[in-house]
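Engineer:
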Amino acid sequence: MTQLSRSVKSVFVILFFLITFIGWSQQADTSYKRRVLETSEIDLLFSYYNQDGQNAAVTGGEGTEELTDATSSIVLRMPMNEDDILTVDVGLSAYTSASSSNVNPLDGGLNVTPFDASSGESRKDMLVYINPSYQHSSDDRNTIWSANAYFSSEYDYSSIGFGGSFTKLFNEKNTEITLSGRVFLDKWNSQYPIELREGFFDDRISGNGTYSPIFTEFDDENRNSYSLSLSFSQILSQKLQGALFMDVVSQNGLLSTPFQRVYFSDFEDFYIDEFQLADNVEQLPDSRFKLPVGGRLNYYLNDLVILRSYYRFYWDDWGISSHTASLEAPFKLTDKFTLFPTYRYYTQTAADYFYPKEQALSTYDFYTSDYDLSNYDAHQYGIGVQYKDIFTSASVLNFGLKTINLRFSQYDRSDGLSAFIVTLGTTFVGN
Numbered sequence: 121m122t123q124l125s126r127s128v129k130s131v132f133v134i135l136f137f138l139i140t141f142i143g144w145s146q147q148a149d150t151s152y153k154r155r156v157l158e159t160s161e162i163d164l165l166f167s168y169y170n171q172d173g174q175n176a177a178v179t180g181g182e183g184t185e186e187l188t189d190a191t192s193s194i195v196l197r198m199p200m201n202e203d204d205i206l207t208v209d210v211g212l213s214a215y216t217s218a219s220s221s222n223v224n225p226l227d228g229g230l231n232v233t234p235f236d237a238s239s240g241e242s243r244k245d246m247l248v249y250i251n252p253s254y255q256h257s258s259d260d261r262n263t264i265w266s267a268n269a270y271f272s273s274e275y276d277y278s279s280i281g282f283g284g285s286f287t288k289l290f291n292e293k294n295t296e297i298t299l300s301g302r303v304f305l306d307k308w309n310s311q312y313p314i315e316l317r318e319g320f321f322d323d324r325i326s327g328n329g330t331y332s333p334i335f336t337e338f339d340d341e342n343r344n345s346y347s348l349s350l351s352f353s354q355i356l357s358q359k360l361q362g363a364l365f366m367d368v369v370s371q372n373g374l375l376s377t378p379f380q381r382v383y384f385s386d387f388e389d390f391y392i393d394e395f396q397l398a399d400n401v402e403q404l405p406d407s408r409f410k411l412p413v414g415g416r417l418n419y420y421l422n423d424l425v426i427l428r429s430y431y432r433f434y435w436d437d438w439g440i441s442s443h444t445a446s447l448e449a450p451f452k453l454t455d456k457f458t459l460f461p462t463y464r465y466y467t468q469t470a471a472d473y474f475y476p477k478e479q480a481l482s483t484y485d486f487y488t489s490d491y492d493l494s495n496y497d498a499h500q501y502g503i504g505v506q507y508k509d510i511f512t513s514a515s516v517l518n519f520g521l522k523t524i525n526l527r528f529s530q531y532d533r534s535d536g537l538s539a540f541i542v543t544l545g546t547t548f549v550g551n
């Protein structure tokens, strides 16, 4: 049994015991108490994501970026007593990636090209995660603290995280300040392009001279991330609410992706069929500092429409700065149905170490052809509909249906990447 299989099995065992516990607690607790969360809730979430483009980082900035991802998750919220809530979020994400399949483009078809997906096993993977958290509120509900943990695993990457937050409410709960922090301790199981692995040989290699990349394996496969967040929200009037936030993020360790190829302008080109062999993999600094700052402003227009605006400025020491702005306008159709049109705009500058294919020199210390680190603009358009029944008239087993959310978003980037995502979420509450 593989490590991933054991992880999936463990998730379902945990889910079984948690759902059993919820059912028992709903039946056993017959006394009424004023609680932060009156009864247990279950969120069932599903999303489907699809993208395509022609600038795959796995093949040095040129090649198919086709990818599909289907994610299912269950979020359980359980009142432990009148003050405390235990939340457990578990999920599975199964994806197929044409670009990832080209880590080893030789294990699939007869003709090898970066613009087609290999049919080998490297084209697909599964991620499993669990994210438990515990929240406690003071008797006056003006002080809230929480603690959380995180674990995820996939074939070439694993992550362990933990964190906590502290919230204080003032001014008759019109003012709220939250301080939170998180730590992630991640580890690569490095998978390098097939042509850079020890012992590689193929008699179909063509080019001038002898194929001789400058590749060496990474010594350190750990990646650590530390974040500290501060947020301030204020009810400004009966119709206006605002919030400000700031994050400080520090990363260190292996920040390069081990299977993303780079091609140099001062190296000869070598091919197998139409597939160009790597000169090296991307090399990025072993530290990164990020600083996002932003705010939200929500305005209650009338009984039918609320305007929700958002802006964020981002800067890091790799040379990227970005601006994000979004607007959502929930429109109440009936007492139970609400429509959610959304728009989001994003723009960023390129990292200091980004070079399109065959523009970096082998003498540089750092280089990448990952277009996520390039200069681009992006537009995202979305529409969603929500059904909400506060009386939970429909029920399944011992849980009443509270909400159904269905959303669709289209994402278009100036470098040619295009994607869409469909999400479906339901919330059930214990009766």
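The C-terminal residue of the sequence shown carries number 551 in the numbering used here, and the numbering is unbroken. Ideal placement from N, C-alpha and C gives every residue a C-beta, glycine not left out. Every value quoted in this text rests on a predicted model; they were computed, and no experiment measured them.
Count the C-beta pairs between the region 390-403 and the region 350-360 that are closer than 8 Å, then say yes if the count reaches three, no if not.
Structural biologist: no
Engineer: Do the region 172-180 and the region 482-502 make contact, defined as three or more Cβ pairs closer than 8 Å?
Structural biologist: yes
Engineer: Which residue marks the beginning of the beta strand (DSSP E) containing S257, and which one marks its end?
Structural biologist: K244 to S257
Engineer: If I follow the unbroken alpha helix (DSSP H) through A445, where does it start and stop?
Structural biologist: No alpha helix (DSSP H) holds A445; the beta strand (DSSP E) holding it covers S441 to E448.
Engineer: For the candidate residues D259, E292 and A398, whose alpha-carbon lies nearest to that of G327?
Structural biologist: A398
Engineer: Ignoring anything shorter than 3 residues, give me the beta strand (DSSP E) runs that lie fully in the region 352-432, in order along the chain.
Structural biologist: 360-373, 390-392 and 407-420
Engineer: By alpha-carbon positions, which one of G415, L187 and L196 ends up nearest to A218?
Structural biologist: L187
Engineer: Which one of Q530, S279 and H443 has the shortest CA to CA distance from Y496?
Structural biologist: H443
Engineer: Comparing C-alpha positions only, which one of S253, I280 and S258 sits nearest to A267?
Structural biologist: S253
Engineer: List the DSSP bridge partners of V505.
Structural biologist: L459 and L526
Engineer: Is S167 near I524, with beta carbons less than 8 Å apart?
Structural biologist: No. Outside cutoff.
Engineer: Using only alpha-carbon positions, find the residue among L212, F451, V368 and V156 that is nearest to I503.
Structural biologist: F451
Engineer: Nearest-angstrom Cα distance between W265 and V208?
Structural biologist: 16 Å
Engineer: Can you find the residues in the same chain that come closer than 6 Å, C-beta to C-beta, to K552, ignoring five residues on each side of it along the sequence?
Structural biologist: Outside the shown range of the chain, which is 121 to 551, sits residue 552, and nothing can be said about it.
Engineer: Using a threshold of 8 Å, state whether the C-beta atoms of S310 and F338 are closer than that.
Structural biologist: yes
Engineer: Using a Cβ-Cβ cut-off of 6 Å (strictly less than) and excluding sequence neighbours within five positions of D532, which residues of its own chain qualify?
Structural biologist: H499 and S538
Engineer: Below 8 Å, can you find three or more Cβ-Cβ pairs linking the region 312-321 to the region 287-301?
Structural biologist: With a cut-off of 8 Å, the region 287-301 and the region 312-321 do not count as touching, because too few Cβ pairs lie within range.
Engineer: How many angstroms separate the CA atom of Y466 from the CA atom of S279?
Structural biologist: 28 Å
Engineer: According to DSSP, is Y491 part of a helix, a strand, or is it coil?
Structural biologist: helix
Engineer: Residues in the same chain with beta-carbon distance under 7 Å from L424, minus the five sequence neighbours each way, listed in chain order, please.
Structural biologist: Within the same chain, F451 and K452 come within 7 Å of L424 by CB-CB distance, once the 5 residues on both sides are set aside.
Engineer: What's the call for A514, buried or exposed, on a 16-neighbour Cβ count within 10 Å?
Structural biologist: exposed
Engineer: In terms of residue numbering, what span does the alpha helix (DSSP H) encompassing S221 cover?
Structural biologist: A218 to S221
Engineer: Taking only the alpha-carbon atoms, compute the straight-line gap between Q204 and F282 and give it to the nearest angstrom.
Structural biologist: Strictly speaking, residue 204 in this sequence is Asp, with Gln absent from that position. Computed Cα separation, rounded: 19 Å.
Engineer: Within 10 Å of its beta-carbon, does G550 have 16 or more other beta-carbons around it, so buried, or fewer, so exposed?
Structural biologist: buried
Engineer: D535 by DSSP, collapsed to three states: which one?
Structural biologist: coil
Engineer: Does the distance from the C-beta atom of P313 to that of R381 stay below 8 Å?
Structural biologist: yes
Engineer: Could you check the C-alpha separation between L350 and Y169 for me, to the nearest Å?
Structural biologist: Approximately 31 Å, taken between the alpha carbons.
Engineer: Might you give, ordered along the chain, the residues of its own chain that have their beta carbon closer than 7 Å to the beta carbon of T233, omitting 5 neighbours on each side?
Structural biologist: D393, E394 and F395
Engineer: Taking DSSP as the reference, what is the three-state secondary structure of I314?
Structural biologist: DSSP places I314 in helix when its eight states are reduced to three.
Engineer: Answer with buried or exposed for S127, where buried requires no fewer than 16 other C-beta atoms within 10 angstroms of its C-beta.
Structural biologist: Its pLDDT being 47, under 50, S127 is placed unreliably in this model, and the coordinates cannot settle the point.
Engineer: Quick one, which of Y475, L493 and S494 has its alpha-carbon nearest D485's?
Structural biologist: Y475
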